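Quick note on the UniProt record's numbering: the sequence shown kicks off at 1 and runs consecutively.
One structure below.
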Amino acid sequence: MFNGILSLQNKEKLSHDGYIYVMDKPSADGEKIFWRCDTRKTTECKGRIHTTADEERSFLRMVTAHSCSGLGDPARVGVQKVMSVIRQRGASTMEKPAQIRAAAVQNLPLAIMGQMPSTSASRKQVQRQRRKENNALASPPTRAEIVFTEQYMNREFNGQQERFLLADSGGEERILVFGSEASAGWSNQMEHVFMDGTFSALIDTDIELQVAGREPPRKRAKYMECDDRILRICNNYDFDTILDFLRGISHNFNID
């Protein structure tokens, strides 16, 4: 049975008796799978086994004994299982690599924990996996160097493609505004706007308006420029109330 181990290339691995195997090929009749030791390239180990080709991957026989070691290494098997979980989690979520690793290593036996890659090494594996899966852009050194592909500039809503990146000022103090293109047509009907930091106040509203950034500009002029860009996108804001519990920046906003 598939035991949750995937290689860095997302290929299935198999663990048996403390050893880890990579798939070699299926048999000519398609009823068996041939596996070889995953250390073959580094140790020239000749270890090989056969399993059934069904989902159970039931062990059939040892074809060639291992030369890499006389005994298997269950801790190494455990490490590869955990790292496989970390990579898969990294590819399917946008959680921080450190958070993914922390959740994965909770309550691990000391023998496995002692062989785990460092936090830095785990982070690099997650980043490589995300780039491979195209789920996240590489992190540029400055905002000016961010390059968006079409999948990040547009989105699908109700079966239709619409613009998601609504404004981009460019430059070193770049301002990016993301939102629903369709909402610009009815934005003047919104009565209440909950800004960044007030999501605990949301009760029955269907509208959440967020202005966020990795390193938001600190100057009042930049906030007002962002404000102006939002106003140009939306039609005649006319709100009854604006809630903003981030007192430190509230004076920078000029939406009324």
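From the three backbone atoms N, C-alpha and C, an ideal C-beta is built for every residue, glycine too.
Small disclaimer: the values here were computed from a predicted structure and weren't measured.
- Rounded distance between the beta-carbons of D38 and V22, thought under 8 Å: 5 Å
- Message: Need the endpoints of the beta strand (DSSP E) that V77 sits in, please.
- Response: Careful: V77 lies outside any beta strand (DSSP E), inside the alpha helix (DSSP H) at 74-92.
- Specify the secondary structure class of M190 as computed by DSSP and reduced to three states. coil
- Task: Please name the residue in Q151, G171, E55 whose C-alpha comes closest to that of E162.
- Result: Q151
- Message: For the pair the segment 49-61 and the segment 103-111, tell me if three or more CB-CB distances fall below 8 Å.
- Response: no
- Inspect the beta-carbon positions of W35 and L60 and report whether they are closer than 8 Å. no
- Item | Assigned secondary structure, L6 (DSSP; H/G/I helix, E/B strand, else coil) | strand
- Can you name the start and end residues of the beta strand (DSSP E) that L165 belongs to? 165-168
- Task: Determine the closest residue to S58 out of R123, L165, E31, T42, with distance taken between C-alpha atoms.
- Result: E31
- Query: To which residues of the same chain is Q80 closer than 8 Å at the C-beta, ignoring the five residues directly before and after it?
  - Reply: I5, K13, S15, I20
- Item | Start and end residues, alpha helix (DSSP H) containing T42 | 40-43
- Message: The alpha helix (DSSP H) that contains P97, what's its start and end?
- Response: 97-104
- Item | Residue from G90, A144, G159, E95 whose Cα sits closest to the Cα of S169 | A144
- Query: Roughly how many angstroms lie between the CA atoms of K41 and S84, to the nearest whole one?
  - Reply: 20 Å
- Item | Continuous beta strand (DSSP E) stretch holding I146: start and end | Per DSSP, I146 belongs to no beta strand (DSSP E) and is neither H nor E.
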